[in-house]
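Before any comments, here is the structure.
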Amino acid sequence: MSAPMPTGVHYHQRSRELALTYDIDGEQQSFRLSAEMLRVYSPSAEVRGHSPEQAVLQTGMKYIGLKNITAVGNYALKLHFDDGHDSGLYTYAYLWEMIEHRELWWDDYLHELKKANASREPLGIPLQRQ
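Residue 78 in full-length UniProt numbering sits at position 78 of the sequence shown, with consecutive numbering throughout.
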């Protein structure tokens with residue numbers, strides 16, 4: 001199946017999850033991706049580098065959230081994270097790929113953190129924004 005275009009996008013602040021709704025075979029289906037996963041798998045050059053060897057492992061992102069979401073034409077979303085990161089466009093094809101492989105990608109991320117002796121926890125106490 002080629003990547004469908006979402007029919008709905010909603011951010012759940014409390015759970016810090018992006019809900020993407022799709023019309024699949026005439027049925028509305030919703031999938032959620034955590035802001036943390038979206039941030040650590042950002043398609044930006046800052047995170048991914050210009051080659052796999054240049055990718056930067058993102059740590060301390062457990063409590064990351066979104067401040068804003070901007071539609072980019074009919075093909076992508078720009079996500080504005082509360083740590084200031086907002087580079088990289090999340091194409092609808094990339095978001096669908098993330099949905100399809102979310103368990104595998106999450107396991108890979110946890111494995112890379114362990115290998116690097118790093119943590120999902122931020123180094124300091126996260127400030128609550130009001």
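Built from N, CA and C at the ideal position, the CB exists for glycine as well.
Just so you know, these numbers come straight off a predicted model, no measurement behind them.
Item to complete: Evaluate the contact criterion for the segment 43 to 51 versus the segment 84 to 95: three or more CB pairs, one atom per stretch, below 8 Å.
Response: When Cβ pairs closer than 8 Å are counted between the two stretches, the segment 43 to 51 is seen to touch the segment 84 to 95, the count reaching three or more.
Practice prompt. Identify every residue that forms a DSSP beta bridge with residue 21.
Written response: For the purposes of this step, residue 21 is taken as the residue at position 21 of the sequence shown. 8, 30, per the DSSP bridge assignment.
Worksheet entry | Cβ-Cβ distance between residue 22 and residue 29 below 7 Å | As a position in the sequence shown, residue 22 is number 22, starting the count at 1. As a position in the sequence shown, residue 29 is number 29, starting the count at 1. Yes, the pair counts as a contact, with Cβ atoms nearer than the cut-off.
Discussion item. Could you give the first and the last residue of the continuous beta strand (DSSP E) run that contains residue 71?
Written reply: Indexing the sequence shown from 1 puts residue 71 at position 71. Note, residue 71: beta strand (DSSP E), 66 to 72.
Fill in: Nearest residue (CA-CA) to residue 35, options 10, 24, 16
The residue you call residue 35 lines up with position 35 of the sequence shown. Closest by alpha carbon: 16.
Discussion item. Is the beta carbon of residue 62 closer than 7 Å to that of residue 120?
Written reply: For this step, residue 120 is matched to residue 120 along the sequence shown. For this step, residue 62 is matched to residue 62 along the sequence shown. Yes, they are a contact pair.
Fill in: Of the residues 20, 112, 8, 10, the one placed nearest residue 98, counting alpha carbons only
Position 98 of the sequence shown, counted from the first residue, corresponds to residue 98. Per the Cα distances, 20.
Worksheet item: Alpha carbon to alpha carbon, what distance is there between residue 95 and residue 55?
Response: Counting from 1 along the sequence shown, the entry for residue 55 is found at position 55. Counting from 1 along the sequence shown, the entry for residue 95 is found at position 95. If I take the Cα positions, the gap works out to 19 Å.
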